[in-house]
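Protein chains in written order, with my numbering: chain R, 13 to 323; chain B, 569 to 873.
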Amino acid sequence: MGASAVATATILDTPEARFPLRLGIENKRIRDLFRNATRQQWNPATDIDWSALHPEQYDDVHLRAARMYWSRRAWGEYGAISESPALQIRFCHERCVPDMALFFSIRSQEESRHAEVCYRMAEALGGYFEEPAATAYQGSVATHGIRKMALDPDISLEGTIAALVCAAEEIAFDVFLHLIDITVNPVARQVAKMILRDEVRHCAFGWAYLEQRMPQLTAQEREGVRQAVISLIEKVELNGYHSSWLAPENPASNAEVEIDRLTWEAGLGATTEELEKPVFLKSIATMRERMRDAWGLEIPLFTHRKFSAPF
Amino acid sequence: MPVTSQTTSLQTERRFPLDLHKADDDIRGLYEDAKKARWDPETDLPWKQQALAALDEKTRSAARRVWSRRAWVEFTGMTETPALLIRFCLELNRESDPKYFLTVRNTEEAWHVECFHRYAEICGGYIDSPANPAWERVFNRNLYRDALNAEVPIDTYVAAHCAFVDGLELELARLWAANANEPVARAILEHCLSDYARHARFGWMYARRRAATMSAEMRERVAAALKRHIEEVEFAGYHCVALATTIDTRPDAADLELVTQAGLGAAAAAQEVAVFRDCVTRSRQQFADFGVALPTIQHPQLGSF
């Protein structure tokens, strides 16, 4: 084994009860996402034109930064492989509509494709890094806490999906769209496009699930969903999980911000605080509006040292 | 829901350093093969060519039950594979190759579930529970808990469930496919066979890889886990109904007989047991090759395996 272990109460402690085992279509939108995902599979090894990368066109400083940037992207995608499958166990355990577990099986594969393609990109640029340059930055990128939430019987599934998918993944989606706009290198751009193609479905899953569930929740449960979204934005997103410039100010996060700047300067895939800020703000505003219109939830304004006013 | 007496112990992840390099050429090759072999249950199966119209009601009902049961078995992967994937990520210094591979395996399991369900539907309707409730406890085995339980060494789990079980599922599917004349049943089983072959190869490859560095004590634990799995799960009739000793399996065996005769992709209960017996014999030899001695196992009615 080698790793330390903890024993806390989880959904694993209740016996499995899979019958009656429903397998028919109960949420058509999610089943369609599963089938679309099946049709739209791609392969990082063969569907990216790696020959168009031309790393020889870049100097060592920019190449090193881009290697670190794409390595960091790989760590983030890996987080989804390591943690999100716990949600699939939760879906089955709670006997959610069967479409959800089917869709998540392919979603995890897509996350592994994303980790693989980001790793390949880092390798093609000169070599993947196995960890952040400074350990102080690990706290920002190590985990989004989804595994723990998914396995905790006291944390609502609806809150977890609202936070992870309808909030965090929507922000990631908007940032990817922005990256496609500003990335010059054709391979970096193609990688971002391929990832985005999958992320569209990941986001749609969350809204499709909650459209079905929200009307069935009590006022207290709806408040739990709201709190989960607020918590994820404040503790994960505003801590720099996706955007290094939002991480706590220290030499380690400053170094990561510089990595982003150099990678962006080379046109190899990153963005900068100045460029990403309006995208991030718009994403938060859109999410807030959509949650209000679709679910009647009021998400409050947030504050962060990087913004002069609540947003 | 009732709470079990034990709290499951989970490992704490240490994410960094995060090695994503290829560590095992063969397993990475399986992952690459799996990505290339992707298929689509909607478009790659001849659903419109189904030849079920001439079936009598008795056979059709039997087919519904047999293919529904197949979906229940396959559904195990919907929780077991994500659990195993998480476990690989929690373990210190595990290779990236099995993690990548398991994500594709789980998609394939989802396709199989969907196909088996849909085939049961076209046979007259999928059935969501066993007619005899005694079967329920045979399926409700909490395998995902075992896969995540820090007190169960992952290598014993892989040996029992990825090498032996996936090997058995491959051999059973081969047997069913050999008896499948109906075009849709045959096409489903042929597609599943390619996937099952990779799943079994993964199990054996990884078991062999890990056995090379196992202590004598760990080899004994692997052998004990295999023996326990065969006694508690297989002898309960999980894969082969005729192995069950505490449930009246005559209705299940009669269903298999009818579905086999109609060419709908099954095999007689006794044929399944014969495949199981061969599988135990071959697995025992394969495990012995890397130093794991699977003892003789006594079935209450069928003698020693």
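Beta carbons: idealized from backbone N, C-alpha and C, even for Gly.
For this session: Given a cut-off of 8 Å, decide if V726 of chain B and G771 of chain B are closer than it, judged by their beta-carbon atoms.
Result: yes
Exercise. If you compare alpha carbons, which of B:D696, B:L736, B:A718, B:E758 is closest to A746 of chain B?
Worked result: B:E758
Exercise. Name the chain B residues that come within less than 8 Å of F319 of chain R, Cβ to Cβ?
Worked result: Simply none; closest approach about 29 Å.
Problem set entry | Alpha carbon of Q869 of chain B to alpha carbon of I23 of chain R, nearest angstrom | 37 Å
Problem set entry | Whole-angstrom distance between D624 of chain B and A127 of chain R, CA atom to CA atom | 51 Å
Exercise. Which of helix, strand or coil does DSSP assign to A605 of chain B?
Worked result: coil
For this session: Just list the beta strand (DSSP E) runs in the segment 574–630 of chain B, keeping only unbroken ones of 3 residues or longer that don't cross its boundaries, in chain order.
Result: 577–579
For this session: My understanding is that A77 of chain R touches I242 of chain R, with C-beta atoms under 8 Å, so please give their C-beta distance in whole angstroms.
Result: Actually they do not touch by this definition, with Cβ atoms about 34 Å apart.
For this session: Can you give me the Cβ contacts of V706 of chain B inside the same chain, cut-off strictly under 7 Å, excluding the 5 residues immediately before and after it?
Result: A804, G805, Y806
For this session: Kindly list, in the order they appear in chain R, the residues whose Cβ is closer than 9 Å to that of N674 of chain B.
Result: P97, Q100, F116, S117, I118, S120, Q121
For this session: Spell out whether any CB of chain R is found under 8 Å from the CB atom of I654 of chain B.
Result: yes
For this session: Using 10 angstroms around the beta-carbon of I593 of chain B, count the other beta-carbons present and answer buried if the total reaches 16, otherwise exposed.
Result: The amino acid occupying residue 593 of chain B in the given sequence is Asp; Ile does not appear at that position. D593 of chain B is exposed by the Cβ-count criterion.
For this session: Could you check which residue in B:A605, B:V634, B:T575 has the C-alpha nearest to that of A883 of chain B?
Result: For residue 883 of chain B there is no data in the structure shown, the boundaries of chain B being 569 and 873.
For this session: Label G871 of chain B either buried or exposed according to how many other C-beta atoms from any shown protein chain fall within 10 Å of its C-beta, with 16 as the threshold for buried.
Result: exposed
Exercise. How would you call H66 of chain R, buried or exposed, if buried means at least 16 neighbouring beta carbons within 10 angstroms?
Worked result: exposed
Problem set entry | Beta carbon of T860 of chain B nearer than 8 Å to that of A755 of chain B | According to the sequence provided, residue 860 of chain B is Val. The question's Thr does not apply to it. In this structure, A755 of chain B does not lie closer than 8 Å to V860 of chain B by Cβ.
For this session: Kindly indicate which three-state DSSP category Q853 of chain B falls into: helix, strand or coil?
Result: helix
For this session: Could you spell out the range, first to last residue, of the beta strand (DSSP E) harbouring V18 of chain R?
Result: 17–19
Exercise. Taking a cut of 9 Å between CB atoms, which residues from the segment 24–40 of chain R lie near chain B?
Worked result: L24, D25, T26, P27, E28, A29, R30, F31, P32, L33, R34, L35, G36
Problem set entry | Chain-order list of residues whose beta-carbon lies under 7 Å from that of F643 of chain B (same chain, five-residue window excluded) | V681
For this session: Can you tell me which of the three DSSP states A748 of chain B falls into?
Result: strand
For this session: Rounded to whole angstroms, what's the CA-CA distance from L658 of chain B to L309 of chain R? Just pull it up for me.
Result: 36 Å
Exercise. For H867 of chain B, which residues does DSSP report across the bridge?
Worked result: B:G871
For this session: Check the Cβ-Cβ distances between Y221 of chain R and every residue of chain B, and say whether any is below 8 Å.
Result: no
Problem set entry | C-beta atoms of I93 of chain R and T647 of chain B nearer than 8 Å | no
For this session: Can you tell me which of R:T20, R:R317, R:A29, R:F323 puts its alpha carbon nearest to the alpha carbon of D166 of chain R?
Result: R:T20
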